[in-house]
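Residue numbers (my numbering), protein chains in the order written: chain A, 1347 to 1458; chain B, 219 to 327.
Ideal placement from N, C-alpha and C gives every residue a C-beta, glycine not left out.
Remarks on the structure that follows.
What follows is the structure, given as structure tokens:
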């Protein structure tokens, strides 16, 4: 089992460009999450999907959109990237809401 | 706003000593508590979880929970240089989500 996978691992964008971060899990988990991690700020929840077909905003949703494509895949889209979105993005999944979350390897995004 | 507080550190301990990492949380209704370890440049990985008051031991790690004081701790016995990392405390903040502390950096030398 690969667990949680994320693509790409690294990305550099120019201000105003768009991109989609991909996440997939092979653990048959119901819930999936997108976090960003910035120095001194810890992990902050962007969006989550408690189950297939549902998505909800987290602590810092502005500037992002998500799609729960199916039970395995949860994507994060930046429509018009800004330098403030430079961060490390982690996807995570869990069997149910407040259970143990398992993290992907992360995507390092730089917006110039 | 539900909060999870941790001392940012660094906490420096000599090799072989006990490292004690602490976490307080604001939501009295929280039921699930987790400790993650994160090496520099890597993703968080689960070390332990605890649901009930008291101690839970797993190898060199012991998690302690005191719901009355809203306090969770992680003890690492016989600390090794490989334990040097940032330790994240996480608390359930509703049915579907966890709230993470900012982490404590541990240095073992």
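Original post:
Of the choices 1432/A, 1450/A and 1433/A, whose alpha-carbon is the least far from that of residue 1440/A?
Top reply: Nearest option by C-alpha distance: 1450/A.
**OP:** Answer yes or no: do residue 222/B and residue 326/B have a C-beta to C-beta separation smaller than 7 Å?
**Re:** In this structure, residue 326/B does not lie closer than 7 Å to residue 222/B by Cβ.
Subject >> Sequence-distant residues of the same chain with beta carbon closer than 6 Å to residue 1370/A, five excluded per side >> reply: Within the same chain, Cβ atoms closer than 6 Å to the Cβ of residue 1370/A are found at 1351, 1418 and 1419, the five residues on either side in sequence being excluded.
Original post:
So, is the C-beta of residue 228/B closer than 7 Å to a C-beta in chain A?
Top reply: No, residue 228/B does not count as interfacial toward chain A.
**OP:** Report yes if the CB atom of residue 1423/A is closer than 7 Å to the CB atom of residue 1366/A, and no otherwise.
**Re:** Yes.
Original post:
Mind checking residue 1360/A: buried by the 16 CB within 10 Å criterion, or exposed?
Top reply: By the C-beta density criterion, residue 1360/A is exposed, having fewer than 16 other C-beta atoms within 10 angstroms.
**OP:** Helix, strand or coil for residue 1431/A, going by three-state DSSP, please let me know.
**Re:** Of the three classes helix, strand and coil, the one that applies to residue 1431/A here is helix, per DSSP.
Original post:
Can you give the beta carbon distance from residue 1372/A to residue 1396/A, rounded, assuming they're within the 8 Å contact cut?
Top reply: Not confirmed; about 19 Å, so no contact.
Original post:
Quick one: which chain B residues come within Cβ less than 7 Å of residue 1396/A?
Top reply: In chain order: 314.
**OP:** Using a Cβ-Cβ cut-off of 7 Å, state whether residue 1446/A counts as contacting chain B.
**Re:** At least one CB of chain B lies nearer than 7 Å to the CB of residue 1446/A.
Original post:
Taking DSSP as the reference, what is the three-state secondary structure of residue 301/B?
Top reply: Per DSSP, reduced to three states, the secondary structure at residue 301/B is helical.
Original post:
Under the three-state reduction of DSSP, which class applies to residue 284/B: helix, strand or coil?
Top reply: Residue 284/B falls in the strand class under three-state DSSP.
Subject >> Three-state secondary structure assigned by DSSP to residue 1406/A >> reply: Coil at residue 1406/A, not helix or strand.
**OP:** Decide if residue 1400/A is buried, meaning its Cβ has at least 16 other Cβ atoms within 10 Å, or exposed.
**Re:** Answer is exposed; the Cβ neighbour count stays below 16.
Subject >> Sub-7 Å separation of residue 220/B and residue 244/B beta-carbons >> reply: Closer than 7 Å, so yes.
**OP:** Measuring only between beta-carbons, confirm whether residue 1362/A sits less than 7 Å from chain C.
**Re:** Here chain C cannot be found, since the structure's protein chains are A and B.
Subject >> Where the beta strand (DSSP E) through residue 291/B begins and ends >> reply: Following the DSSP letters along the chain, one finds residue 291/B inside the beta strand (DSSP E) bounded by residues 289–294.
Original post:
If you draw a straight line from the alpha carbon of residue 255/B to that of residue 1446/A, how long is it in whole angstroms?
Top reply: Distance between residue 255/B and residue 1446/A, taken at the CA atoms: about 13 Å.
**OP:** Please classify residue 322/B: does DSSP put it in a helix, a strand, or coil?
**Re:** Residue state, collapsed to three classes: strand.
**OP:** Would you mind working out which of 1433/A, 1427/A and 1458/A sits nearest residue 1391/A, comparing C-alpha positions?
**Re:** Answer by Cα proximity: 1433/A.
**OP:** Pull up the CB-CB distance for residue 1404/A and residue 1394/A, whole angstroms please, since I reckon it's below 8 Å.
**Re:** Taking the Cβ atoms as the reference, residue 1404/A lies roughly 6 Å from residue 1394/A, within the contact range of under 8 Å.
Original post:
Can you find a CB in chain A that lies within less than 7 Å of the CB of residue 267/B?
Top reply: So yes, residue 267/B belongs to the interface.
Original post:
Counting contacts by CB-CB distance shorter than 7 Å, is residue 320/B in contact with chain A?
Top reply: For residue 320/B, a Cβ of chain A is located within less than 7 Å of the residue's own Cβ.
Original post:
Which one of 1431/A, 1437/A, 1406/A and 1402/A has the shortest CA to CA distance from residue 1362/A?
Top reply: A check of alpha carbon separations from residue 1362/A across 1431/A, 1437/A, 1406/A and 1402/A identifies 1431/A as the nearest.
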